[in-house]
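So the structure is just underneath, and the comments pick up after that.
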Amino acid sequence: MSQITDQQALQRVIEHREIFHDEMLGLMRRIMTGEMSPVVMAGLITGLRVKKETVGEVTAAAQVMREFATPVEVADKAHLVDLCGTGGDGAHTFNISTTAMFVAAAAGARVAKHGGRSVSSSTGSADVLEALGVGINLQPAHVAQALADTGIGFMFAPNHHGAMKHAAPIRKELGVRTLFNILGPLTNPAGAPNQLMGVFHPDLVGIMARVLQRLGSKHVLVVHGSDGLDEITLAGDTLVAELKDGEVREYRIHPGQFGIAEHDGSMLKAQTREMSQAILQRVLGNEPGPARDIVLMNAGAALYAADVATSLADGIERARDALASGRAAEKLAQFVQATQRLAAAQG
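Counting with the numbering used here, you get residues 981 to 1327 for the letters of the sequence shown.
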């Protein structure tokens, strides 16, 4: 394996030149073991951001992060999907992908959601799930049990990425988006081969789809809304890169194609965890409006990525039925009950 010194790596990114795959593996392992100094790490991840990370660099970094992660063992990965975003879109919306998770699971997907506390919304998926009464601090075996029992497993990121502790203070102090913002969605501890991933910048759409292609994912939709949202948006077009059958193709979608009204997103804001929770519960109660519409679009995409639905349009109809029948609201209640029971069992 070719090695590179920390100073050579810094010089390389300053000159806007790529760090090769094997070199990146070595650098990332130094970060994950705490061998790299905080000053060098800050310089490197900032330099990579300025240069713009390449598919090869991100792939290598994700491979190392997966190597160090605490896995959730799931033998059967059929229809197993993750719904997540990079965060960092600054939109302060309610938890769209978390709400969509219950709808997708109620419509037949198996959801292995990887999430944490707030990045760009007022509340992260872990925050709102906790407010709903979900036991989020489950051991890996109990996450797998919840998935088997309810069709949903929630993996609280800090429980699975202990080696990230070396980078956490640097990330916090820098306060800007870096490589680590995009690694989280690439390192699902259950190894979900299907994914709906939202990203904060249009340049990342094609990059992330190609990284997941190299990492062996099966069916993935990477999305970025024209309004900057790291979800499928109602406010115009969404740029999509779809990985399917080993090929990546890019296209745009618009809510009007699916009979859904365009909306500017003002009704999707949630300033607090409680507001986000209230919107989630209203959507699962099938209350009409923009919040339900954006969840239909995103849950529909998750069902298509999970290969439960044959197309995005089919996915949206299945999502609509899961809400109208009350199955999505039931799924939430079932998940809360199951995780509380498992949390109590582990003491």
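Glycine included, every Cβ here is placed at the ideal spot set by N, Cα and C.
So, for residue i: in the same chain, excluding its five sequence neighbours on each side, which residues have a beta-carbon less than 6 angstroms away from its beta-carbon?
i, result
"Ala1106", "Gly1095, Gly1096, Arg1097, Ile1116 and Phe1136"
"Ile1162", "Thr1066"
"His1243", "Leu1214 and Pro1270"
"Gly1088", "Val1288"
"Val1038", "Val1191"
"Ile1296", "Phe1238, Leu1276 and Gly1280"
"Arg1009", "Val1044"
"Arg1272", "Val1263"
Any idea what DSSP makes of residue i, helix, strand or coil?
i, result
"Asp1217", "coil"
"Gly1027", "helix"
"Val1091", "strand"
"Arg1232", "strand"
"Asn1139", "helix"
"Phe1074", "coil"
"Asp1062", "strand"
"Leu1176", "strand"
"Ile994", "helix"
"Val1044", "helix"
"Glu942", "Here the chain comprises residues numbered 981 to 1327, so residue 942 is not present and cannot be evaluated."
"Gly1036", "helix"
"Glu1053", "coil"
"Gly1186", "helix"
"Val1083", "helix"
"Leu1211", "Leu is not the amino acid found at residue 1211; the sequence shown has Glu there. The answer is coil: DSSP assigns Glu1211 none of H, G, I, E or B."
Look at the alpha carbon of residue i and the alpha carbon of residue j, and state the distance between them as a whole number of angstroms.
i, j, result
"Val1052", "Val1019", "33 angstroms"
"Ala1111", "Ala989", "43 angstroms"
"Gly1327", "His1072", "35 angstroms"
"Ala1361", "Gln1119", "In the structure displayed, the chain extends from 981 to 1327; residue 1361 sits before or after that span and is not available."
"Ser1291", "Arg1046", "30 angstroms"
"Met1255", "Val1263", "12 angstroms"
"Ala1126", "Arg997", "45 angstroms"
"Glu1230", "Leu1260", "30 angstroms"
"Arg1307", "Phe1238", "22 angstroms"
"Asn1278", "Met1247", "17 angstroms"
"Gly1113", "Phe1315", "9 angstroms"
"Ser1017", "Gly1006", "14 angstroms"
"Thr985", "Ala1143", "21 angstroms"
"Phe1134", "Ala1092", "6 angstroms"
"Gln1320", "Asn1168", "23 angstroms"
For the alpha helix (DSSP H) containing residue i, name the first residue and the last one.
i, result
"Leu1195", "Unbroken run through Leu1195: none, as it is neither H nor E."
"Val1316", "Arg1307 to Gln1326"
"Arg1097", "From DSSP, Arg1097 is part of no alpha helix (DSSP H); its letter is neither H nor E."
"Val1275", "Pro1270 to Ala1285"
"His1243", "Careful: His1243 lies outside any alpha helix (DSSP H) and carries neither H nor E."
"His1001", "His1001 to Met1012"
"Glu1267", "Glu1267 -> no alpha helix (DSSP H), and no H or E assigned at all."
"Ser1017", "Where Ser1017 is concerned, there is no enclosing alpha helix (DSSP H), given that its DSSP letter is neither H nor E."
"Ala1106", "Ser1105 to Ala1111"
"Gly1295", "Leu1292 to Ala1304"
Tell me which residues share the same chain as residue i and place their Cβ nearer than 8 angstroms to its Cβ, disregarding the 5 neighbours each side in the sequence.
i, result
"Ile994", "Gly1027"
"Leu1154", "Ala1022, Ile1025 and Thr1026"
"Ala1323", "Gly1115, Asn1117, Leu1118 and His1122"
"Glu1310", "Ala1086"
"Pro1138", "Gly1096 and Met1144"
If you drop the 5 nearest sequence neighbours on each side, which residues of the same chain put their C-beta closer than 7 angstroms to that of residue i?
i, result
"Lys1198", "Pro1173 and Asn1174"
"Pro1182", "His1204 and Leu1219"
"Asp1207", "Thr1213, Ala1215, Gly1216 and Gly1245"
"Ala1293", "Phe1238"
"Arg1300", "Leu1276"
Counting only C-beta atoms, is residue i closer than 8 angstroms to chain D at any point?
i, result
"Thr1290", "You won't find chain D in this structure, because it holds only one protein chain."
Should residue i be counted as a contact of the ligand ZN given a C-beta to heavy atom distance under 7 angstroms?
i, result
"His1243", "Of the ligands one can find in the structure shown there are none, so the ligand ZN has no counterpart to examine."
Unbroken stretches of the alpha helix (DSSP H), 4 residues or longer, contained in the segment 1116-1173:
1120-1130, 1137-1140, 1148-1154 and 1159-1163
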